[in-house]
Amino acid sequence: MPSVTAHLLRRAVRSLRENVYLSLVATGVVASATLLLGVFLVIVHNLQAVTGGWERDTHISAWFAPDIPVERRFELKEQVGAMEAVSAVRYVSEDEARTWLAERVPEVAPVLADLGPDVLPASLEITLAPGHDDPEAIHRVAETLALPEFDGLDYGQQWVERFNAFLSMLRILAVVLGGMVALAGVFLVANTIHLVVFSRREELDTMRLVGASDRFVLVPFLVEALLQGIVGSGLAIGALAVLHHGFLVRLQAAVDLGVAGEPLSFLPWPMVLGLGLLGVALAVTGTWAAVARFLSKVA
Amino acid sequence: MPSVTAHLLRRAVRSLRENVYLSLVATGVVASATLLLGVFLVIVHNLQAVTGGWERDTHISAWFAPDIPVERRFELKEQVGAMEAVSAVRYVSEDEARTWLAERVPEVAPVLADLGPDVLPASLEITLAPGHDDPEAIHRVAETLALPEFDGLDYGQQWVERFNAFLSMLRILAVVLGGMVALAGVFLVANTIHLVVFSRREELDTMRLVGASDRFVLVPFLVEALLQGIVGSGLAIGALAVLHHGFLVRLQAAVDLGVAGEPLSFLPWPMVLGLGLLGVALAVTGTWAAVARFLSKVA
Amino acid sequence: MIRLYHVSKRYGDIHALQDVSLGVRKGEFCYVTGPSGAGKTTLLRLLYVAEPPSEGRIWVGGVDVTDLARGHRHLLRRNIGVVFQDFKLIPTRNVGENVGLALEVLGTPRETIQRRVRAVLTTVGLGGREEESPRVLSGGEQQRVAVARALVNDPAIVLADEPTGNLDGAMAIEVVEILQAVNLRGTTVVVATHDTGLMERFPYRRVRFDRGRLVGEVPCRL
Amino acid sequence: MIRLYHVSKRYGDIHALQDVSLGVRKGEFCYVTGPSGAGKTTLLRLLYVAEPPSEGRIWVGGVDVTDLARGHRHLLRRNIGVVFQDFKLIPTRNVGENVGLALEVLGTPRETIQRRVRAVLTTVGLGGREEESPRVLSGGEQQRVAVARALVNDPAIVLADEPTGNLDGAMAIEVVEILQAVNLRGTTVVVATHDTGLMERFPYRRVRFDRGRLVGEVPCRL
Ligand SMILES: Nc1ncnc2c1ncn2[C@@H]1O[C@H](COP(=O)(O)OP(=O)(O)OP(=O)(O)O)[C@@H](O)[C@H]1O
Ligand SMILES: Nc1ncnc2c1ncn2[C@@H]1O[C@H](COP(=O)(O)OP(=O)(O)OP(=O)(O)O)[C@@H](O)[C@H]1O
Ligand SMILES: [Mg+2]
Ligand SMILES: [Mg+2]
Numbered sequence: 007m008p009s010v011t012a013h014l015l016r017r018a019v020r021s022l023r024e025n026v027y028l029s030l031v032a033t034g035v036v037a038s039a040t041l042l043l044g045v046f047l048v049i050v051h052n053l054q055a056v057t058g059g060w061e062r063d064t065h066i067s068a069w070f071a072p073d074i075p076v077e078r079r080f081e082l083k084e085q086v087g088a089m090e091a092v093s094a095v096r097y098v099s100e101d102e103a104r105t106w107l108a109e110r111v112p113e114v115a116p117v118l119a120d121l122g123p124d125v126l127p128a129s130l131e132i133t134l135a136p137g138h139d140d141p142e143a144i145h146r147v148a149e150t151l152a153l154p155e156f157d158g159l160d161y162g163q164q165w166v167e168r169f170n171a172f173l174s175m176l177r178i179l180a181v182v183l184g185g186m187v188a189l190a191g192v193f194l195v196a197n198t199i200h201l202v203v204f205s206r207r208e209e210l211d212t213m214r215l216v217g218a219s220d221r222f223v224l225v226p227f228l229v230e231a232l233l234q235g236i237v238g239s240g241l242a243i244g245a246l247a248v249l250h251h252g253f254l255v256r257l258q259a260a261v262d263l264g265v266a267g268e269p270l271s272f273l274p275w276p277m278v279l280g281l282g283l284l285g286v287a288l289a290v291t292g293t294w295a296a297v298a299r300f301l302s303k304v305a
Numbered sequence: 007m008p009s010v011t012a013h014l015l016r017r018a019v020r021s022l023r024e025n026v027y028l029s030l031v032a033t034g035v036v037a038s039a040t041l042l043l044g045v046f047l048v049i050v051h052n053l054q055a056v057t058g059g060w061e062r063d064t065h066i067s068a069w070f071a072p073d074i075p076v077e078r079r080f081e082l083k084e085q086v087g088a089m090e091a092v093s094a095v096r097y098v099s100e101d102e103a104r105t106w107l108a109e110r111v112p113e114v115a116p117v118l119a120d121l122g123p124d125v126l127p128a129s130l131e132i133t134l135a136p137g138h139d140d141p142e143a144i145h146r147v148a149e150t151l152a153l154p155e156f157d158g159l160d161y162g163q164q165w166v167e168r169f170n171a172f173l174s175m176l177r178i179l180a181v182v183l184g185g186m187v188a189l190a191g192v193f194l195v196a197n198t199i200h201l202v203v204f205s206r207r208e209e210l211d212t213m214r215l216v217g218a219s220d221r222f223v224l225v226p227f228l229v230e231a232l233l234q235g236i237v238g239s240g241l242a243i244g245a246l247a248v249l250h251h252g253f254l255v256r257l258q259a260a261v262d263l264g265v266a267g268e269p270l271s272f273l274p275w276p277m278v279l280g281l282g283l284l285g286v287a288l289a290v291t292g293t294w295a296a297v298a299r300f301l302s303k304v305a
Numbered sequence: 009m010i011r012l013y014h015v016s017k018r019y020g021d022i023h024a025l026q027d028v029s030l031g032v033r034k035g036e037f038c039y040v041t042g043p044s045g046a047g048k049t050t051l052l053r054l055l056y057v058a059e060p061p062s063e064g065r066i067w068v069g070g071v072d073v074t075d076l077a078r079g080h081r082h083l084l085r086r087n088i089g090v091v092f093q094d095f096k097l098i099p100t101r102n103v104g105e106n107v108g109l110a111l112e113v114l115g116t117p118r119e120t121i122q123r124r125v126r127a128v129l130t131t132v133g134l135g136g137r138e139e140e141s142p143r144v145l146s147g148g149e150q151q152r153v154a155v156a157r158a159l160v161n162d163p164a165i166v167l168a169d170e171p172t173g174n175l176d177g178a179m180a181i182e183v184v185e186i187l188q189a190v191n192l193r194g195t196t197v198v199v200a201t202h203d204t205g206l207m208e209r210f211p212y213r214r215v216r217f218d219r220g221r222l223v224g225e226v227p228c229r230l
Numbered sequence: 009m010i011r012l013y014h015v016s017k018r019y020g021d022i023h024a025l026q027d028v029s030l031g032v033r034k035g036e037f038c039y040v041t042g043p044s045g046a047g048k049t050t051l052l053r054l055l056y057v058a059e060p061p062s063e064g065r066i067w068v069g070g071v072d073v074t075d076l077a078r079g080h081r082h083l084l085r086r087n088i089g090v091v092f093q094d095f096k097l098i099p100t101r102n103v104g105e106n107v108g109l110a111l112e113v114l115g116t117p118r119e120t121i122q123r124r125v126r127a128v129l130t131t132v133g134l135g136g137r138e139e140e141s142p143r144v145l146s147g148g149e150q151q152r153v154a155v156a157r158a159l160v161n162d163p164a165i166v167l168a169d170e171p172t173g174n175l176d177g178a179m180a181i182e183v184v185e186i187l188q189a190v191n192l193r194g195t196t197v198v199v200a201t202h203d204t205g206l207m208e209r210f211p212y213r214r215v216r217f218d219r220g221r222l223v224g225e226v227p228c229r230l
């Protein structure tokens, strides 16, 4: 370690030791603000995973008219599958359709058996290629499918729109809430650090008066803030992981959530890293601003 | 105003004036912690309103066997309606059932017209009386409905369980998150107040040394905290209302959310009051604890 | 009025006071002197119960204050006016409020406080400066504010720790004259000081400390 | 070394200094005296550029410091050792670190700092007390730490504001002897003091202030 770094670290560590209480407070506040943000990110992340699944599920169902021979149905399947906008086609037989309906609407399951084998006609379930799954593209594809062999088309117009509305609302909500949590976090951390520096303002004054440059005063505060930020973020991420694995995932297993399906996942590493960096950045910039402000008031 | 109160208020206001910066910080921190909690409460509250609706929607569908004459159906409706556990019965004709299915599963809407008039049989939609809507009670009612006239019973066993699981998970999540936000809030407020008192510890010391009782030192801090708490909570509730009416409700109107249905409501007054009191209590107890702690270190 | 019986005070290895026995009668005027670090401030701190002694017993005003409970200390302190060596003025309050504090803690009415504060500040030569902040005062001015606060509530005992260290000769004499006047009204006065000139001019009893021990005493020559 | 040209300093209505013109030559020893509130501390504050004057110009060490930019002030201060009237010790650092601070800001190696700190603390009679906190020191001990810090980096100018106010006679003489020794090595020394006894004993040049005005001067009688 070059001697300047060693020297700065030594000064910062000494200062931390001298101001144990203030350092602990700063670290704790960084940790809790980061933890709040982290909890929020985990929720948004899982929300996105779940609703991302919903989005990907939109597809077109093309119901066959009665009495289309099976060969013709498969011909049509090939044709449709060859379209540029289509990424996959699945043939859904009458039987499958019934099973699907019974699952989809459990209320009718008890009576489906009595309704004969062909409650619903067979259909093609058409999944659109990425880039062709916006409402307009879906509409274009639907128009090319307007053949006499199809009795009806359902491209989930209504559902797509509803989900899009719902998702955009969720996203705006998430952004707004995230923004608020972040703002509150920044405010609280900045405030705390300001108070911490406030209790040491006479020290700043004295250091200047015995010949310290602004940099000499500032740098150990920044190194200190860096350490506090690293420790605080580390604690927050640790707590987040404990909360997630020790609690959320177990909870999910316990209630065996049939609705959301996918297991709740932890944040991906880049996001964890980003969160940590955010905590560190908060501590450092908050300290920087506070010290600079007090220095500007000092001769 | 009795002169003691006037005196205390005067002392507190003077102290606020003397420590403008520290007071502003304390007030701001109380406000942001309360706001965070409030945002959280609004979300939980609306969640509960929505999911409360889901719960109340659970009912039993009793599908009629084919060829039950209409008179008999209405007789059965009367009989079922007379049961103690049942609060309402609605007769759902074949037509209604089809319309319902088309709404419930829009994918099949295009082909329903071709499936003949009687896609689904008629049914009784039985709503259970409060206190009889837990899974066991539902099961008991279902058993008494095991008549030959009914072709199938659906009492949403699966859905009820799924929803219950989902709801209990949501609730546990809400409690945990709420607890965390509350804890973080308490920690941050307590910390800030501790720092604020920390910067005034020499003042405490001096006051004791010139003959002040602990109460004399403590009370103005508490009155100050009360004022800070009231102002802080007020700001938080105001901000919450602005956020809600100016943003959330408009947002909802803009995306016309077809999924959740009910308009997002603001917190009921008792909850607003509770939130405000919580903010005030936070400020006062935080100050109390901090001052008492520093006093205990002072001769 | 004040009695110390074999009192010692240790801070770790440092013996700030060692086996001090001393009595100050009611109405007496007494200097505590000795080199820097002799234990003068420590002695005064024990008297207003900022700390308990490590050994020995202490009586102040007839009360055994050796282990005085926290809940009673402020009652004792209301009868003791202290001029602290480092002044201990509250920087966020103005001069008048700092001086008035010693009356405010007694629940004195505002008008009385204002009147008394004005009077005592005039005595120490700071009349009309009630509204200023102690932060902007000169060293000597701060010291006189501290003297004023110690005297404002007419205490039975005045403990003054180096009350003239920041004052010029004339002003120092004035302050001691004020203490003398207070003493003549029956107040017990203990002054820790280095100023031999002053002690010559006002030759009251002196007790001399060195390294925590009471090493000598000069009786009052008035 | 130091020149003031028609310098005034006002705080609102208060004229802390009024039209002061004064020169102190390199290597001179000079007392600044006058009653409490005369403006002694204000004069010294202007010299180490804690504040700018309201009027007039000031030179220190050949540099016009009247409107010295913030970024250069610390360079000036590294050549000025100041004993502050209120000591300005950092309570969270121990005595050695407080004294060493004046060397640390220069980037002096640690070993040199330790050696110099030990030496200068011994000079002021506090050898071996590096590890203590200034909070627990007696008033006179704190004052000597402040003196030590002002001298530790061998500045070209020493400004001492009431450096003996908390010291007993013998110790005060010792401190002035230290300042004298420093002065004999060529350092310019300005001492604000009330202690007429000391000024008699070490009869250097005196400039006398009263209510902000320079009202008299006694030349050096050494
Ligand atoms: N809280 C403390 N912890 C450790 N040592 C202390 C404490 N208080 C005082 N001392 C030490 O006790 C000794 C006596 O201190 P005291 O303040 O009583 O001296 P003093 O006679 O008032 O000196 P001065 O004239 O310099 O004010 C000093 O050496 C001081 O360092
Ligand atoms: N920042 C300030 N604001 C307002 N008034 C001030 C300020 N600083 C000093 N003064 C006033 O200026 C006058 C001179 O103060 P200064 O500290 O220079 O006196 P001094 O000669 O050092 O006195 P002492 O011997 O008591 O220390 C005093 O009346 C003081 O109250
Ligand atoms: Mg002392
Ligand atoms: Mg001064």
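Protein chains in written order, with the numbering used here: chain A, 7 to 305; chain B, 7 to 305; chain C, 9 to 230; chain D, 9 to 230.
Virtual Cβ for every residue (Gly too), placed ideally from N, Cα, C.
Inter-residue spacing [alpha-carbon to alpha-carbon] between residue i and residue j
i      : j      : result
C/S243 : D/R152 : Because chain C here runs from 9 to 230, residue 243 of chain C falls outside it and cannot be looked at.
B/F193 : B/I66  : 48 Å
C/A58  : C/V215 : 22 Å
B/I243 : B/V278 : 7 Å
C/G115 : B/V297 : 21 Å
A/L281 : C/R81  : 52 Å
B/A266 : B/G44  : Per-residue confidence for B/A266 stands at a pLDDT of 45, beneath the threshold of 50, marking its modelled position as unreliable; the derived number appears in the next sentence. Those two C-alpha atoms are separated by around 21 Å.
C/G31  : C/L187 : 20 Å
C/L25  : A/N197 : 45 Å
Residue interval of the beta strand (DSSP E) (run including residue i)
i      : result
C/I181 : Element bounds for C/I181: not the beta strand (DSSP E) but the alpha helix (DSSP H), 177-192.
B/S93  : 92-98
D/A200 : 196-200
D/I30  : The amino acid occupying residue 30 of chain D in the given sequence is Leu; Ile does not appear at that position. From DSSP, the beta strand (DSSP E) with D/L30 extends over 22-32.
C/V91  : 88-91
Beta-carbon proximity list for residue i, same chain, < 8 Å, skipping 5 on both sides
i      : result
D/D75  : P60
B/G34  : G238
B/V114 : L107, A108
6 Å Cβ shell around residue i - same chain, five flanking residues per side excluded
i      : result
C/P163 : N87, I88, G89
B/R214 : V304
B/S93  : T133, A135
B/Q85  : none
Any non-hydrogen atom of ligand 5 closer than 7 Å to residue i Cβ
i      : result
D/A200 : Ligand 5 is absent from the structure shown, which contains only ligand 1, ligand 2, ligand 3 and ligand 4.
Residue range of the unbroken alpha helix (DSSP H) whose run includes residue i
i      : result
A/D211 : 207-215
B/R2   : The structure shown does not extend to residue 2 of chain B, since chain B is modelled only from 7 to 305, so the question has no answer here.
- Query: Between the segment 72-80 of chain A and the segment 217-233 of chain A, do at least 3 Cβ pairs fall closer than 8 Å?
  - Reply: Verdict: no, contact absent.
- Message: Give me the pocket residues for ligand 2, defined as CB within less than 5 Å of any heavy atom, sorted by chain position.
- Response: Taking each Cβ in turn, the ones that pass are C/V144, C/L145, C/S146, C/G147, C/G148, D/Y19, D/I22, D/A24, D/S44, D/G45, D/A46, D/G47, D/K48, D/T49, D/T50.
- Query: Do three or more CB pairs link the segment 182-189 of chain D to the segment 129-142 of chain D at distances below 8 Å?
  - Reply: Contact between the segment 182-189 of chain D and the segment 129-142 of chain D is present: three or more C-beta pairs spanning the two stretches fall below 8 Å.
- Is the segment 176-183 of chain A touching the segment 177-186 of chain B, taking contact as three or more C-beta pairs under 8 Å? With the cut-off at 8 Å, the segment 176-183 of chain A and the segment 177-186 of chain B do not touch.
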